[in-house]
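S.K.:
Quick look at the structure:
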């Protein structure tokens, strides 16, 4: 692999390899927001599920949105990154607005289901046309916009396979939620939303980072003796 291709898997320029590439744990923590990000993004959904079981729809909607706003406000007051909190607030807000309007508690989860279907299909289409979405996301989040991996057939193949994996898993987990939605299993749908949220995402992220690092390392030229 050439120097330019090697940099595609590095967040910074330079001659170093693994020492300049963030560790797997660091990259996963950044994308997941750490344990605090995981917990905070799940709390509004947990609040909605519990409040809806013991009470009515509208109080549950109000409680979930209020908690999401509180989390975002607390992060802002502490001058901490609010990206994950805002993503959670946006998702909760859209679902809450639809559920409030229709009066159907299961519609709280509808935006996430539709988003998951669209995302899964987009992943598979990008792999089919040899523009793997996981590769481009890697370029943005890890390689600082560089896309030299496009010049390495092995990395293109790797990112294509990873993109197919992401797409299949994404459609499988959203398929479970869609089935529960159509069956009007509202409480089970809330539990599935939590169980099939971050755990599969974290596993896919771990597989992706480990695979790309391994392929990149294997593609590096072996130094000549005495070089």
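In the working numbering, the protein residues as written are 1 to 227. Glycine included, C-beta positions come from ideal geometry on N, C-alpha and C. This one's a predicted model, so the numbers in the text were calculated from it and none came from an experiment.
1) Helix, strand or coil for residue 129, going by three-state DSSP, please let me know.
2) Hey, quick one: how far does the alpha helix (DSSP H) through residue 75 stretch, first residue to last?
3) Hey, residue 48 and residue 108: beta-carbon distance below 8 Å or not?
4) Looking at the structure shown, is residue 175 part of a helix, part of a strand, or coil, going by DSSP?
5) Would DSSP call residue 152 helix, strand or coil?
6) On the DSSP letters alone, give me the boundaries of the alpha helix (DSSP H) that residue 191 sits inside.
7) Rank 41, 113, 53 and 163 by C-alpha distance to the C-alpha of residue 71 and give the top, closest one.
8) Rounding to the nearest angstrom, what Cα-Cα distance links residue 131 and residue 123 in this structure?
9) Might you give, ordered along the chain, the residues of its own chain that have their beta carbon closer than 8 Å to the beta carbon of residue 194, omitting 5 neighbours on each side?
10) In three-state terms, what does DSSP make of residue 104?
M.R.: Let me spell this out:
1) coil
2) 57 to 77
3) At a Cβ-Cβ threshold of 8 Å, residue 48 and residue 108 count as neighbours.
4) helix
5) coil
6) Note, residue 191: alpha helix (DSSP H), 186 to 195.
7) 41
8) 9 Å
9) Annotation for residue 194: 42, 45, 46 and 49 place their beta carbon closer than 8 Å to its own, counting only its chain and skipping 5 residues before and after.
10) coil
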